[in-house]
Amino acid sequence: MPKSSLLTLPATLVVLHTALAAPVFADQPLCGKKIAEVERQQAEARAHGHDHKARGLQRALDALRDGCTDQGLIDDARGDVDAAQQEVAERQADLDAAIREGDKDDIKKRREKLKEARQELAEEQADLEALLQVR
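Shown next as structure tokens:
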């Protein structure tokens, strides 16, 4: 078998497995998508010889297959948004304190940290919105 065929074999197996497993999660479309994505990542890790990563992804797959619910994924995403909002609030308080103290270097640093926290919040909110739209 040509080497290029061997490299695409894991991806082909994932597609086949996903097609066969899809009916199991027909009533949980978000879980089905999440499982398919983790399976894709696992096949990619194996194809590149990242066995440790592939084993970790297998543990994630096992957990998803055992207890995934669409509502659970949505609840987790809401928790991520809440945590990101808390981080933004903390970074804003840090910036406010730096401004009161007048330390220009610290203000610059705190502004950058706040910018990063806001970006993370935007990403978490987009992930949640994407989940809610699929449902």
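The sequence shown runs -21 to -1, 1 to 114 under mature numbering (1 follows the signal peptide of the UniProt record, and there is no 0).
Idealized CB from N, CA, C, for every residue including glycine.
None of the values given here were measured: they were computed from a predicted structure.
Item to complete: Along the alpha helix (DSSP H) that carries Asp6, what are the first and last residues, could you check?
Response: Residue mapping note: residue 6 aligns to position 27 of the sequence shown, counting from 1. Run containing Asp6: none; DSSP gives neither H nor E here.
Worksheet item: If you draw a straight line from the C-alpha of Ala(-1) to the C-alpha of Ala42, how long is it?
Response: Within the sequence shown, residue -1 is the residue found at index 21, counting from 1. Within the sequence shown, residue 42 is the residue found at index 63, counting from 1. Only weak support exists for where Ala(-1) lies, its pLDDT of 49 falling under 50; the value from the coordinates is given anyway. So the two alpha carbons sit approximately 15 Å from each other.
Worksheet item: Could you give the residue range of the alpha helix (DSSP H) that holds His29?
Response: Residue 29 sits at position 50 when you count from the first residue of the sequence shown. Note, His29: premise wrong, no alpha helix (DSSP H); not H, not E.
Worksheet item: Is it a yes or a no for the region 54 to 74 touching the region 85 to 99, going by three-plus beta-carbon pairs under 8 Å?
Response: yes
Fill in: Residues near Arg97 in its chain [Cβ-Cβ closer than 7 Å; skip 5 each side]
Locating residue 97 in the sequence shown gives position 118, counting from the first residue. Val67.
Discussion item. Which of the three DSSP states is assigned to Asp49 in this structure?
Written reply: Translated into positions along the sequence shown, residue 49 becomes position 70. DSSP places Asp49 in helix when its eight states are reduced to three.
Worksheet item: If you count every other CB in all the chains shown that lies within 10 Å of the CB of Ala63, and 16 or more means buried, which is it?
Response: By 1-based counting over the sequence shown, the position of residue 63 is 84. Buried.
Worksheet item: Applying the criterion that 16 or more other CB atoms from any shown protein chain within 10 Å of the CB defines a buried residue, is Glu18 buried or exposed?
Response: The residue you call residue 18 lines up with position 39 of the sequence shown. So Glu18 counts as buried.
Practice prompt. Work out the CA separation of Asp49 and Val113 for me, nearest whole Å.
Written response: Taking the sequence shown and counting its residues from 1, one reaches residue 113 at position 134. Taking the sequence shown and counting its residues from 1, one reaches residue 49 at position 70. For Val113 and Asp49, the distance between alpha carbons rounds to 10 Å.
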